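**Q**
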Amino acid sequence: MQKSWIETPILVCRGLCFLALAGMVGSDQDPSIAVFSWCLSLSAYPLLLWLVQAWDGSVRSSADSVFLLDTVLITLTLLLFPLPAFSAWAVMLVMAFLSMLCVRPDTGASRVIRMLLVLVMVHNVTPLWLRLTHIGLTESLGFVLLSLMLLMTARLVIGVSQRRSQVHKQVRAAETQAVACLDRARAYLPSQALISEVFDPQPTRLPVVICFTDLVNSTRLGDALNDELFTALLMDYITRIGQIAVVHQSLLDKFTGDGAMIVFGTDPSADLGFEASQCANMALAMRSMMADLQADWQTRLEGNPLDQRIGIHAGVCAVGSIGCSVRQDYTVLGRSVHVAARLEQFARPGEILVSGDFAGLLNSSYRLCARTPLMISGLKTPLRASALMA
1006 MQKSWIETPI LVCRGLCFLA LAGMVGSDQD PSIAVFSWCL SLSAYPLLLW
1056 LVQAWDGSVR SSADSVFLLD TVLITLTLLL FPLPAFSAWA VMLVMAFLSM
1106 LCVRPDTGAS RVIRMLLVLV MVHNVTPLWL RLTHIGLTES LGFVLLSLML
1156 LMTARLVIGV SQRRSQVHKQ VRAAETQAVA CLDRARAYLP SQALISEVFD
1206 PQPTRLPVVI CFTDLVNSTR LGDALNDELF TALLMDYITR IGQIAVVHQS
1256 LLDKFTGDGA MIVFGTDPSA DLGFEASQCA NMALAMRSMM ADLQADWQTR
1306 LEGNPLDQRI GIHAGVCAVG SIGCSVRQDY TVLGRSVHVA ARLEQFARPG
1356 EILVSGDFAG LLNSSYRLCA RTPLMISGLK TPLRASALMA
């Protein structure tokens, strides 16, 4: 049906209408096989149509043809088996009301339905007039008033139905647009947790793993290459490291122009040992990726070296929404972020330099090579550091 919210009541009303019509025909006509067969057909018709609809859902979308067939059957019934005036007009008014409620007025089926109903009404004008003159002026006025009230009620119901349908379509369109906007915004979010129902924007201090990565001597590369080529190189590099970060289920906090800041363990229930292993695997995958990037860009770099460096540290940070009321970032803040950034700056080209705090979270399957302790501003003692080899 055109309006699914009234579908069941309409089917029930149609069935009752045809049952009533079959009863009126059977009680008003002389008994015969033709009358009995016609009444049986009228009674079974809505049930058969309902069974077909239940078996094949495509009937739901053909309300025009269904109500056109209804009108044809009622027209043939009233022409072949004349009924008392009030009974005939009651059947016609009910069918007019149902068809107006469910069939769009701008269709060919609607025009045919109106033509058939007008034909039957004209055919029954004389019996109705005779009936009205027979029952008297007061009863006639009452019948006319009742008919007008029914027509006004039908118009009101139809108006409400149309308005409700319009509102429903507007709501569906708004929901579709909102989902499309959210889908476009997903790529700009550092974590899909930001759009979950349980997301808490308040900053919380959590133990996390922070990783910084960038290209070595990117400024010198930018001077040596033209702008378009250098921009293409940066886009290729950050695309590859971004894909690797996503595969390892990290929080891709931000791109830093020629690198990225990546965080593990922002979920309060996370196992930091597992998160550290994920970060180590990601860094090793980025080192393998770098060999592919160097091979792909070798002929376009004009002999300039291309490499990266990575720094990783584990520590407690404030995790949550940081910013003002009109612009916020979901990020991590704290001294540990500064330490991770300094580790990345101390790393040699191609090296993955990690702190002792991070190394302590890894199991024995990873191979580390100790480096000279680093003096980092803000730390009272030198920072133990190691190179992650494999």
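The numbering of the sequence shown is the working numbering, which starts it at 1006 and goes up by one. Using N, Cα and C, we set each Cβ at its ideal position, and we do this for glycine too. Quick caveat, the model's predicted, so the values are computed rather than measured.
Kindly indicate which three-state DSSP category L1054 falls into: helix, strand or coil?
**A** Reduced to three states, the DSSP call for L1054 is helix.
**Q** Would a C-beta distance cut-off of 9 Å place P1212 and G1365 closer than the cut-off?
**A** no
**Q** Beta-carbon within less than 7 Å of P1378's beta-carbon, same chain only, minus the 5 sequence neighbours each way: which residues are those?
**A** P1387, L1388, R1389 and A1390
**Q** Just the C-alpha distance for A1392 and S1274, rounded to the nearest angstrom, thanks.
**A** 29 Å
**Q** For L1056, which residues in the same chain have their Cβ closer than 7 Å to its Cβ, ignoring the five residues on either side in sequence?
**A** Same-chain partners within the cutoff: there are none.
**Q** Look at the alpha carbon of G1355 and the alpha carbon of A1300, and state the distance between them as a whole number of angstroms.
**A** 15 Å
**Q** Have a look at the DSSP bridge pairing and note the partners of C1322.
**A** L1211
**Q** Count the other CB atoms within 10 Å of the CB of C1399; is the residue buried (16 or more) or exposed (fewer)?
**A** No statement about residue 1399 is possible, as the shown extent of the chain runs from 1006 to 1395 and does not include it.
**Q** If you draw a straight line from the alpha carbon of Q1333 to that of H1253, how long is it in whole angstroms?
**A** 25 Å
**Q** I'd like the list of long-range same chain contacts for V1099, defined as Cβ closer than 7 Å, with 5 residues on each side in sequence excluded.
**A** C1022
**Q** Is the number of C-beta pairs between the stretch 1307 to 1315 and the stretch 1218 to 1234 that are closer than 8 Å three or more?
**A** yes
**Q** With 9 Å as the threshold, decide whether the Cβ of Y1242 is near any Cβ in chain B.
**A** This model lacks chain B altogether, as it is built from one protein chain only.
**Q** Can you have a look at I1315 and say buried or exposed, based on whether 16 or more other CB atoms are within 10 angstroms of its CB?
**A** buried
**Q** Could you tell me if E1180 is buried or exposed, where buried requires 16 or more neighbouring beta carbons within 10 angstroms of its beta carbon?
**A** exposed
**Q** Could you check if L1084 is buried or exposed, using at least 16 other CB atoms within 10 Å of its CB as the buried criterion?
**A** exposed
**Q** So, for L1289: in the same chain, excluding its five sequence neighbours on each side, which residues have a beta-carbon less than 8 Å away from its beta-carbon?
**A** I1357, L1393 and A1395
**Q** For the beta strand (DSSP E) containing M1266, list its first residue and its last residue.
**A** G1264 to F1269 is the extent of the beta strand (DSSP E) around M1266.
**Q** Have a look at the DSSP bridge pairing and note the partners of T1336.
**A** G1325
**Q** Output the distance between the C-alpha atoms of A1375 and V1359, rounded to the nearest integer angstrom.
**A** 10 Å
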